[in-house]
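Quick note, our numbering runs 1136 ahead of the 1-based positions in the sequence shown. Backbone N, C-alpha and C define an ideal beta-carbon position, used for all residues, glycine too.
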Amino acid sequence: MKKLKYLFLSALFVSVSAFAQDQKKDKKEPQQGHSNNNKFKQLYEEFSTPNMYRAASGAPGAAYYQQQADYKMDLVLDDVNAKLSGFETITYTNNSPDNLNYLWVQLDQNMRAKDSKTPLISDDSAQPATTPGRFANSYLTEAFDGGFNIQEVKDSKGRALPHMINRTMMRVEMPTALKSGDSFSFSIKWWYNINDHVNGRGRSGYEYFPEDDNRAYVIAQFYPRMAVYNDVEGWQNSQFWGRDEFALPFGNFEVNITVPADHILDGTGKLTNRKDVFSKEMMKRYEQAKKSYDEPVVIVTQDEAIAKLSTKSTKTKTWKLYAENVRDFGFATSRRYIWDMMSVKIGGKDVMAVSLYGKEGNPLWEDWSTKAVASTLKSYSRMTFDYPYHKAISVHAKEQGMEYPMICWNYGRPDKDGNYSDRTKFGMMSVIIHEVGHNFFPMIVNSDERQWTWMDEGLNTFVQYVAEQDFGKWYPAALSEGQTAYPSRRGPAANIVRYMGGDQDYIAPIMTKGLNTYQFGNNAYSKPGTALNILRETVMGEELFDYAFREYAQRWMFKHPTPEDFFRTMEDASAVDLDWYWRGWFYTTDYVDIGVKDVKKYFVSNEPNAEIKKVAEQRGMKLSDLPPLVYFVEEGSEDFNANLKGKSALENSTTLNEYIMDNFTPAERANIKEPKFFYSVTFEKPGGLVMPIIVEYTYADGTSKTETYPAQIWRLNDKEVSKTLATEKEIVSITVDPKLETADVDTSNNSWPREMKASEFDNFKKKNKN
Ligand SMILES: [Zn+2]
């Protein structure tokens, strides 16, 4: 008898637990045990094993090293022929434990060489329309010859060094292998034709202004640059096809640039001969700018810039710049430039926020560029580390958005009458915030852009969002009428829904080399940027996230991190297991879709319900054999009795009442809850990503309560899970992700009852379209 009763009770247990999730009996544990694809599996297979160079914590390891490349360069700009020539001496220090038989030098300009393979790998069918400039370049002219002319490669004693050029990479052989700890100095003499970056595209070059026959130059990737050698790639000599950006070691730069005497020039590094190139008036204004923290001071005015356009100087001036601990060097030069500056306090030190722009940038640029630079430095410094350089420059260049240490090029040009749309204004502010932000990622937190586009663009896009929101708060005058916050394009979860839910044939995981990625902007900027924003706001919370993110930035400041160093640090500094998040968002193309599948409403009864009766019958048991039990009866089911409605569980069940009387003290009984309504809510997950379920329960009295079930709720069932709720108030509606913070691609299943909430969502969408 005893045994039989035990069996009966275990059958009952199955039945009772199944009652809340009846359809799921066949589906339990769909993946655990027999499949290796559990979404909470740790990332041991994907990650490389920690070692002496890179620790398991995500920090640089005990034997971490990085190479150093110091440059001395003399450059001459031939403004008449748009040619740049240079003589550079590179001193390369081998801090690796390895002996190096040769060095690899990057010749990025060869992407524009006549024999470049870049045009040959583009899949270009005829477009219905194109700009005349691009049309002419594509079909009417000879291919532009913009490759490097390498005139000599010599060691410090003047002996020619054997070298071999494979497209954008040059291998230089040394007389003997470069031993660990040793340095090698060699020089390269070169020149190239500067490209028109407006009509020919490219990250640097010149814009030509036919109305005054002048050019504005934004110059970068202009010198043979050392490749990175490290513990993860060996030599990073993957070719430059034009898309994947750069991998560069840190070093010190001493650069002398000779340009027409009436040019204004600014670039990476400290100007060491200011008195030679500044007029007395400019010096005076510069001293004022050092003390101006609210408004920029104009160093070269618009009138002064215009006056130079027709009287081109035939003399030259040499600008001398010196930069310490930078991974690259860029500069801008033109007689067209207006120049303004303003000081900004960062960590107790003064940093100069600087803008260079032609008259065509005004009035937008004189109003907002320098303020956007200053604001960005403050926001990013709060999120990472104090900006360590002495200045940050924003240069106006048509259709450009490109970053270098201390200097960047940015678009955003009013029309000829000086009018501009919101699109132009916010486009300009956002690109300045973005490109100045790149000083932090990847110029200082020096990731390998050739391999991992998202490590600079994704992290930067995430902080850009934070910085844009700060900018809107700190400079409300920058917003347009009716706006209460900066209208960020990238960051809000809802803005990636269309991409995430799009055609899977054209989506690649974030962990894909940029060159091979579909929808580059969405893949490398929007998705990782938004994934980090969701991680911060919805999964970890700002406090945990911000501490860990700052830890990552500080650990890898002036070093070379890999994706694992980031992933590991975020966990190491927060005690949040995020392998499931990295796996889903970064290694797959899965999307979020979570909904309410079913809601059942129950009342408590003292009478056995139909389900229990069925089990008893199957087992040949009498109902009188049952132990005292509390029964749930679904509203509207065959054993539902209208009398049960409106009464609490204690009122409906004498069994429960007796249990409480027997087991609780009078004081405990006084605090007992008296729920009247019981709901079994089943959530479904058609989407592949596991995410927390954020649910808003709204009650009949109009109040509501939001509950977040951690993502781990999906660990044993990837398809659907249920929660049973006991409430004193009737629930009238249930909404999953009510604030649209998870990038759920299909919200038509997010609410119960379905129709009502769907129409509310339509209204919400309509409201947000304006
Ligand atoms: Zn970028």
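Nearest-angstrom beta carbon gap, residue 1512 and residue 1573 [assumed within contact, 8 Å]: 6 Å
Is there at least one non-hydrogen atom of ligand 1 closer than 7 Å to the beta-carbon of residue 1696? no
Quick check on residue 1218 - is its C-beta less than 8 Å from some C-beta in chain D? The chain labelled as chain D is not found in the depicted structure, where only one protein chain is given.
Under 6 Å, CB to any heavy atom of ligand 1. Which residues pass, going along the chain? 1570, 1574, 1593, 1596
So within the segment 1361-1432, which uninterrupted beta strand (DSSP E) runs reach at least 3 residues, ignoring any that extend past its ends? 1387-1396, 1400-1403
Excluding the 5 residues preceding and the 5 following residue 1715 in the sequence, name in chain order all residues of the same chain whose CB lies nearer than 6 Å to its CB. 1178, 1179
Going by DSSP in three states, residue 1672 sits in which element: helix, strand or coil? helix
Would you mind sorting residue 1869 into buried or exposed? The rule is 16 or more other CB atoms within 10 Å of its CB. buried
Buried or exposed: where does residue 1252 fall if 16 or more other Cβ atoms within 10 Å of its Cβ makes it buried? buried
Inter-stretch contact (C-beta, 8 Å, three-pair minimum) for the segment 1766-1786 and the segment 1739-1754: yes
Compute the Euclidean distance between the alpha carbons of residue 1557 and residue 1550, then round it to the nearest angstrom. 8 Å
Along the chain, where does the beta strand (DSSP E) containing residue 1307 start, and where does it finish? 1305-1314
Do the CB positions of residue 1401 and residue 1447 come within less than 8 Å of each other? no
What residue from 1587, 1570, 1582, 1588 has the CA that sits closest to residue 1601's CA? 1570
On the criterion of 16 or more Cβ atoms from any shown chain inside 10 Å, does residue 1330 qualify as buried, or is it exposed? buried
As an exercise, report each continuous alpha helix (DSSP H) stretch of at least 4 residues that is fully enclosed by the segment 1195-1272, in chain order. 1268-1271
Helix, strand or coil for residue 1477 per DSSP? strand
Element boundaries [beta strand (DSSP E), containing residue 1546]: 1543-1546
Around the C-beta of residue 1226, are 16 or more other C-beta atoms found within 10 angstroms, so that it is buried, or is it exposed? buried
Could you tell me the boundaries of the alpha helix (DSSP H) in which residue 1588 lies? Looking at the DSSP string, residue 1588 is not in any alpha helix (DSSP H), and its letter there is neither H nor E.
Could you check whether residue 1729 and residue 1881 sit closer than 8 Å to each other, using their CB atoms as the reference points? yes
Can you give me the Cβ contacts of residue 1138 inside the same chain, cut-off strictly under 6 Å, excluding the 5 residues immediately before and after it? Caution is warranted here: a pLDDT of 44 is assigned to residue 1138, below 50, making its placement in the model unreliable, and no coordinate value can be reported.
Does the segment 1608-1624 come within contact of the segment 1517-1527, defined as at least 3 CB pairs closer than 8 Å? no
Between the C-alpha atoms of residue 1491 and residue 1548, what's the straight-line distance to the nearest angstrom? 13 Å
Residue range of the unbroken alpha helix (DSSP H) whose run includes residue 1351: Run containing residue 1351: none in the alpha helix (DSSP H); it sits in the beta strand (DSSP E), 1350-1355.
Would you decide whether residue 1666 is buried or exposed? Buried here means 16 or more other CB atoms lie within 10 Å of its CB. buried
Report the option in 1262, 1224, 1355 whose CA atom is closest to the CA atom of residue 1292. 1224
Indicate the three-state DSSP secondary structure (helix, strand or coil) for residue 1176 in the structure shown. coil
What does a CB cutoff of less than 6 Å around residue 1299 pick up in its chain, not counting 5 residues either side in sequence? 1289, 1306, 1308
Any idea which residues DSSP pairs residue 1283 with across the strands? The partner list for residue 1283 (beta bridge, DSSP) is empty, contrary to what the question assumes.
Excluding sequence positions up to five away, which residues of its chain have a Cβ less than 6 Å from the Cβ of residue 1320? 1228, 1310, 1314
For residue 1872 and residue 1819, which I take to be in contact (beta-carbon distance under 8 Å), what is that distance rounded to the nearest angstrom? 7 Å
Looking only at C-alpha atoms, which of 1648, 1788, 1431, 1353 sits nearest to residue 1765? 1788
Would residue 1403 and residue 1465 qualify as a contact pair, given that the criterion is a beta-carbon distance under 8 Å? yes
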